[in-house]
Amino acid sequence: MKKKEEQGPVSLEMNMNFVEIIEKKKKGMALSREEIHCFVQGAATGSVPDYQLSALLMAICFQGMNAEETTCLTLEMMHSGDVMDLSGIGGICVDKHSTGGVGDTTTLVLAPLAAACGAKVAKMSGRGLGHTGGTLDKIESIPGCTVSLTEEQFIRQVKEIGVCVMGQTRDLCPADKALYALRDVTATVGSIPLIASSILSKKLASGADAIVLDVKTGSGALMQTLDAAVDLSRTMVEIGAKAGKPVLALVTGMDQPLGTHVGNALEVKEAIHTLSGRTTGDLLTVSLELGPRMLIASGIAEDVEDGIRQMKAAIASGAGLQKLREMIRMQGGNPAVCDDVNLLPQAPVRVPVPAPRSGYITAMDTTAIGYCTQDLGAGRKQKTDIIDPAVGLVMCRRLGDRVKAGDALCELHLRSEAQAEEAIRKMQAAITIEEAARPVPPLIYATVSPGEVHYAEA
């Protein structure tokens, strides 16, 4: 472990007026290194109140940050606490991160699957943010499973079984931990500088040698246009290059929930079914695009095709699911959930959402679907909210499907029947049904590496 005083930006005096910093960014001016340092340290130590931090976050959302500011913010946040040294694990430690989406359960599929192929997956994850689900909340829905590990436990687990997924420790990126919680409840999530600095500060501080990013675009993504998603990808890849870490980004689609299950325990269930080979679909497809890049970065796969072959073999042999069992066991959970998903939390009420008309499903407001599950209790509206691990929904139909009036669009998993009427209305409003079919948007849009963007063939 490298302590913050041993590395990174020198300590700067913070005898400046924070209101002036807010005013400066509100006018669209670039912040100096000293001002960004003040902002980050104020968040990390609690010396700047939440309302002032929130005001500056909103100003950044409206006015943006240039490349120099964004890189400075990332490195200041990275060095606001300790920086992990994973060199004792041996080999190349690789991390994967998604910018968030609905039904995006790739980490619970990919992390054990990559480890089963021989990769060292050292992953620090986050909680639900806005309408998107959080990997930590999903893991904690497994009975007994914890993500509150010490750095020593984290390193030992990766060394022993090749994979660990944990939350931020108190001493790792404390500034990001404070700002992340504020962004979730102040509508300041969708900002490229804030997203990039939040993701990369944690990735760099957690010590991984290589990072693969899954940048979402579409109706359920933070970046709803392809251009914005590519811009965010470029920003993070460039920050990684400046920090001396190889970073690769894939831009993938989020025009409908990636998996069919949305909600914490429900998504764990789908991950188990995917690793067991019992189900296929978009979740597996995206996992088999991201995973080979992780294996290539780890020096395990020669190319994407070789990586896909190895990962499919790990599913077929049961090695991927076995690695998930090992991870759950080492993090205090009940590994028997991998053999009996009924051991996961289950909601007592299930209600179908009927199609209001016949036709083809041509669009989904995936963000609205995410907020619907949040309203059911699967996500947070305030940072102090307690999540219900059992609630959510299971999609019965996908984009391009033809439905008849009355067919189930999805099945709601509820705590009480009193929630059903409003949730049905919201889900029906979120799914567009038209007489004529439309092309289904692609899953893979582009690959972004330093200085290069390769768009997938249509």
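So the sequence shown is numbered by our numbering: it starts at 80 and just counts up by one. Yeah, the Cβ is synthetic: ideal placement off N, Cα and C, and Gly gets one too.
Next on the checklist: Which of the three DSSP states is assigned to L522 in this structure?
Outcome noted: Here residue 522 is taken as the residue at index 443 of the sequence shown, counted from 1. L522 falls in the coil class under three-state DSSP.
Next on the checklist: A275 and L305 - do their beta-carbons sit closer together than 8 Å?
Outcome noted: Here residue 305 corresponds to residue number 226 of the sequence shown, with the count starting at 1. Here residue 275 corresponds to residue number 196 of the sequence shown, with the count starting at 1. The answer is no: Cβ separation not under 8 Å.
Checklist entry - What is the residue span of the alpha helix (DSSP H) that C151 lies within? => result Mapped onto the sequence shown, residue 151 falls at position 72. Run containing C151: A146 to M157, per the alpha helix (DSSP H) assignment.
Checklist entry - For A201, which of helix, strand or coil comes out of DSSP? => result As a position in the sequence shown, residue 201 is number 122, starting the count at 1. Reduced to three states, the DSSP call for A201 is strand.
Item to check | Proximity winner among E230, G471, G412 and L455, relative to D497 (alpha-carbon distances) | outcome: Here the question's residue 497 lines up with position 418 in the sequence shown. Strictly speaking, residue 497 in this sequence is Ala, with Asp absent from that position. The option with the nearest alpha carbon to A497 is L455.
Checklist entry - Hey, out of A515, G143, G241 and K202, whose CA is closest to M108's CA? => result Position 29 of the sequence shown, counted from the first residue, corresponds to residue 108. M108 has its Cα closest to that of G143, out of A515, G143, G241 and K202.
Item to check | Spatial distance of D418 from M373 (CA atoms) | outcome: On the sequence shown, position 339 is the one that residue 418 refers to. On the sequence shown, position 294 is the one that residue 373 refers to. Each residue's alpha carbon lies about 27 Å from the other.
Checklist entry - Mind checking R481: buried by the 16 CB within 10 Å criterion, or exposed? => result Working through the sequence shown from its first residue, we reach residue 481 at position 402. Exposed, because fewer than 16 other Cβ atoms sit within 10 Å of the Cβ of R481.
Checklist entry - If you draw a straight line from the C-alpha of G269 to the C-alpha of M302, how long is it? => result In the sequence shown, residue 269 corresponds to position 190, counting from 1. In the sequence shown, residue 302 corresponds to position 223, counting from 1. Using only the alpha carbons, I get a separation of about 7 Å.
Next on the checklist: Less than 6 Å between C-beta atoms, sequence neighbours within five positions excluded: which residues of the same chain meet that for F233?
Outcome noted: The residue you call residue 233 lines up with position 154 of the sequence shown. Around F233: C243 and M245.
Item to check | Integer-rounded CB distance, given that G160 should sit under 8 Å from A123 | outcome: Locating residue 123 in the sequence shown gives position 44, counting from the first residue. Locating residue 160 in the sequence shown gives position 81, counting from the first residue. Beta-carbon to beta-carbon, A123 and G160 are separated by about 7 Å, close enough to satisfy the 8 Å threshold.
Checklist entry - Among residues of its own chain, excluding the 5 on either side of P529, which ones have a beta-carbon nearer than 6 Å to its beta-carbon? => result Within the sequence shown, numbered from 1, the residue matching residue 529 stands at position 450. Within the same chain, P529 has close Cβ partners V316 and A320.
Checklist entry - In angstroms, rounded to a whole number, what distance separates the CA positions of T153 and G332? => result Along the sequence shown, one-based indexing puts residue 153 at 74. Along the sequence shown, one-based indexing puts residue 332 at 253. Near 26 Å, if we compare the C-alpha coordinates of G332 and T153.
Checklist entry - Expressed to the nearest angstrom, what Euclidean distance is found between the alpha-carbon atoms of Y439 and T353? => result Translated into positions along the sequence shown, residue 439 becomes position 360. Translated into positions along the sequence shown, residue 353 becomes position 274. The straight-line gap separating the alpha-carbon atoms of Y439 and T353 is approximately 27 Å.
Item to check | beta strand (DSSP E) segment containing G471, residue limits | outcome: Your numbering for residue 471 matches position 392 in the sequence shown. Looking at the DSSP string, the run of the beta strand (DSSP E) that includes G471 is G471 to M474.
Next on the checklist: Can you look up K295 in the DSSP assignment and give me helix, strand or coil?
Outcome noted: Taking the first residue of the sequence shown as 1, we reach residue 295 at position 216. In the structure shown, K295 sits in a strand (DSSP, three-state: E or B).
Item to check | Contained alpha helix (DSSP H) runs [length at least 4] in the region 434 to 514, N- to C-terminal order | outcome: The region 434 to 514 contains these whole alpha helix (DSSP H) runs: 445 to 452 and 499 to 509.
Checklist entry - If we ignore side chains and look at the alpha-carbon of each, how far apart do I407 and F141 end up? => result Walking along the sequence shown from the start, residue 407 turns up at place 328. Walking along the sequence shown from the start, residue 141 turns up at place 62. Taking the straight line from one Cα to the other gives about 42 Å.
Item to check | Residues bridged to E430 [DSSP beta-bridge criterion] | outcome: For the purposes of this step, residue 430 is taken as the residue at position 351 of the sequence shown. According to the sequence shown, residue 430 is Val rather than Glu. Paired residue(s): L491.
Item to check | Where the beta strand (DSSP E) containing E536 begins and where it ends | outcome: Taking the sequence shown and counting its residues from 1, one reaches residue 536 at position 457. E536 -> no beta strand (DSSP E), and no H or E assigned at all.
Next on the checklist: Determine whether the beta carbon atoms of A376 and A289 lie at a separation below 8 Å.
Outcome noted: Residue numbering aside, residue 376 sits at position 297 when the sequence shown is read from its first letter. Residue numbering aside, residue 289 sits at position 210 when the sequence shown is read from its first letter. In contact: A376 and A289 (Cβ atoms closer than 8 Å).
Item to check | Buried versus exposed call for H533 [16 or more other C-beta atoms within 10 Å across all chains shown] | outcome: As a working mapping, residue 533 is identified with position 454 in the sequence shown. By the neighbour-count rule (16 or more Cβ atoms within 10 Å), H533 is not buried but exposed.
Item to check | Rounded straight-line distance, which links the Cα of I278 to that of E99 | outcome: Position 20 of the sequence shown holds residue 99. Position 199 of the sequence shown holds residue 278. One C-alpha to the other measures close to 27 Å.
Next on the checklist: Can you look up V268 in the DSSP assignment and give me helix, strand or coil?
Outcome noted: Walking along the sequence shown from the start, residue 268 turns up at place 189. Shown here, V268 sits in coil according to DSSP, grouped into three states, outside any helix or strand.
Checklist entry - Among the residues of its own chain, which have a CB less than 8 Å from the CB of A307, if the five just before and after it don't count? => result Residue mapping note: residue 307 aligns to position 228 of the sequence shown, counting from 1. If you ignore the 5 residues before and after A307, its C-beta comes within less than 8 Å of the C-beta of I271 and T296, all in its own chain and listed in chain order.
Checklist entry - Quick one: Cα of S280 to Cα of N96, how far? => result Looking up residue 280 in the sequence shown gives position 201. Looking up residue 96 in the sequence shown gives position 17. Cα-Cα distance, rounded: 25 Å.
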